[in-house]
Amino acid sequence: MTRRRVGLPPGFNLAGAARHTVWRNVFHAVGGFKVTGAAPYEAMVVVANHSSHADTPALIAAFPAPYKPVVVAAGDYWFEKRWMRWGLKLLIGAVPVRRVGGGGFESLLAGAQDVLGTGSSLLVFPEGTRSADGELGTFRTGALRIAREFDVPVLPVAIVGTSRLLPKGGRMRPGPVEVRIGVPVQPEDLDPEDMGPVVAQIRALLDDGPARASESRTWRTLHGAMDGWPGMAGGFAWGFAEAVSWPVTSEMYLALVGVAHPRRVLPAAGWLTAGSVVGILCTRALTGNGLRPPAPLTTESMRLAAARHMAVGARGIWWQALNGVPVKLYAQAAADAGVGARPLALHALGARGARAAAMGAVAAAGAGVAQPVLRRFYGPYLGALGLTYAGGLALVIRRWQRR
1 MTRRRVGLPP GFNLAGAARH TVWRNVFHAV GGFKVTGAAP YEAMVVVANH
51 SSHADTPALI AAFPAPYKPV VVAAGDYWFE KRWMRWGLKL LIGAVPVRRV
101 GGGGFESLLA GAQDVLGTGS SLLVFPEGTR SADGELGTFR TGALRIAREF
151 DVPVLPVAIV GTSRLLPKGG RMRPGPVEVR IGVPVQPEDL DPEDMGPVVA
201 QIRALLDDGP ARASESRTWR TLHGAMDGWP GMAGGFAWGF AEAVSWPVTS
251 EMYLALVGVA HPRRVLPAAG WLTAGSVVGI LCTRALTGNG LRPPAPLTTE
301 SMRLAAARHM AVGARGIWWQ ALNGVPVKLY AQAAADAGVG ARPLALHALG
351 ARGARAAAMG AVAAAGAGVA QPVLRRFYGP YLGALGLTYA GGLALVIRRW
401 QRR
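Per full-length UniProt numbering: the sequence shown = residues 1 to 403.
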């Protein structure tokens, strides 16, 4: 009866969460990672095909931390050397079983008690060793016997892409990995000596084609927006807002949103320019009527520079493309200097258009090269870009404060 004890799911686990996050990002970095299907939140015996040392990390990356999946590993191979034992404990969190000298199932049973007894799921590779050609080998029945002993479901899982990523006896070749989760099978529905139904599910999942590359949800959303009118409208709105009061430069729209769709960056730059010109004229009109819009993150020295340049007429706005002074201050200075709307619009169209086109060309070229990585890491990219921009803006403001 003590062997049949199964604990409640352990909930959030810091070590499990760390392993899950680390391995998920590793797979994303080396080619992409995707999980198809979902599993019930309960203790299970997870049964998977085995063709690579990357299989266990893939399963850990596939299941969220509350599942805390634990693998059983060959004690005569992985636990003999201290550094391997500690490495396995840190990165994988495995339970040793004996493969030779008898007592294999009894050792597996003891390991299962340690895992299932705490409510975690047990990961088992019934083939016993890695397949050299990626084909399914003979599935031993120990996993079924464990499931019946503890009265927990068997979950068939197919791991696709690891045999190419890190083949047995071969070198690593970057590529996508996909974990496909099947339908749980209750132990009473299985013959303890027949792995056929489990193998059939895994084979069907493997036959569903090669591993599919993963995509960031953020990238997918922004790519779809840039492919239609919302992306262009967003560029117009951003350009308009920045020319009135918004403190983030208009070209950041191309870097934040536009690069999700490189071929649409230059059209977005055109709409950004149009919005900026309209915003400049709006700010000029408001300022001329005594309604000066707020200009956050600007300095008095910036205002003085804009006033000095616009004192020569509409062509003074060309200086804005080079000095880091927000264009809204040039629009306000144009009103103060009595610059006409028509010449201001023409020069603003040239100056803002040239800057947006140059930045757009750089963004489109860079995004075209980096697209395979951006598709998977758009969220971290946005975070890094935001921090970089904030740091650069702080330096620009400090430089102008010292003038």
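The C-beta atom is built at its ideal place from N, Cα and C for all residues, glycine as well.
Exposure label - residue i; buried when at least 16 CB within 10 Å
i      : result
Thr2   : Note that Thr2 scores 40 on pLDDT, short of 50, meaning its location in the model is unreliable; the coordinates nonetheless yield the value given after this. Counting Cβ neighbours within 10 Å, Thr2 comes out exposed, since fewer than 16 surround it.
Pro294 : exposed
Leu116 : buried
Leu322 : exposed
Phe377 : buried
Trp229 : exposed
Gln186 : exposed
Glu106 : exposed
Glu242 : buried
Thr207 : Strictly speaking, residue 207 in this sequence is Asp, with Thr absent from that position. Label assigned to Asp207: exposed.
Pro210 : exposed
Leu165 : buried
Phe236 : buried
Thr162 : buried
Leu108 : buried
Contact belief for residue i with residue j at Cβ below 8 angstroms, rounded distance in angstroms
i      : j      : result
Met226 : Gly196 : The Cβ separation is near 49 angstroms, so there is no contact.
Arg145 : Pro192 : 6 angstroms
Ala394 : Thr273 : So it is not a contact: roughly 27 angstroms between Cβ atoms.
Arg212 : Pro176 : 6 angstroms
Ala43  : Val152 : 5 angstroms
Val45  : Leu122 : 5 angstroms
Ala331 : Arg399 : The Cβ separation is near 22 angstroms, so there is no contact.
Gly360 : Val265 : 5 angstroms
Ala17  : Ala65  : 4 angstroms
Best match in the options for proximity to residue i [C-alpha to C-alpha]
i      : options                           : result
Gly275 : Ala321, Ala345, Leu304 and Val70  : Ala345
Val373 : Leu14, Phe12 and Phe33            : Phe33
Ala370 : Ala112, Ala29 and Arg19           : Ala29
Arg19  : Ala39, Met44, Val47 and Pro57     : Pro57
Thr179 : Ile159, Ala314, Ser163 and Thr221 : According to the sequence as given, residue 179 is Val; it is not Thr. Among Ile159, Ala314, Ser163 and Thr221, the Cα nearest to that of Val179 is on Ile159.
His223 : Thr388, Arg342, Leu256 and Phe236 : Leu256
Ala348 : Thr118, Pro326 and Ala361         : Pro326
Ile140 : Arg303, Leu382 and Val47          : The sequence as given places Arg at residue 140; Ile does not occur at that position. Comparing Cα positions, the closest option is Val47.
Residue i beta carbon near the ligand ATP (any heavy atom closer than 7 angstroms)
i      : result
Thr249 : What this structure holds is no ligand at all, so the ligand ATP is not there to describe.
Can we say the segment 299 to 316 touches the segment 396 to 403, given the rule of at least three CB pairs closer than 8 angstroms? yes
I'd like to know if the segment 120 to 128 and the segment 49 to 69 are in contact, where contact means that at least 3 CB-CB pairs between them fall below 8 angstroms. yes
Would you call the segment 359 to 377 in contact with the segment 334 to 351, where contact means no fewer than 3 C-beta pairs closer than 8 angstroms? no
For the segment 212 to 241, list the alpha helix (DSSP H) runs that are entirely contained and at least 4 residues long, ordered along the chain. 217 to 226
Please list the segments of the alpha helix (DSSP H) lying wholly inside the segment 297 to 350, counting only runs of 4 or more residues, in order along the chain. 300 to 310, 320 to 323 and 327 to 336
Taking contact to mean 3 or more Cβ pairs, one atom from each stretch, closer than 8 angstroms, check whether the segment 194 to 214 and the segment 61 to 69 are in contact. no
Mind pulling the beta strand (DSSP E) runs of 3 or more residues that sit fully within the segment 118 to 184? 122 to 124, 154 to 160 and 177 to 181
Let me know the beta strand (DSSP E) ranges lying completely inside the segment 19 to 44, each 3 residues or longer, listed in chain order. 33 to 36
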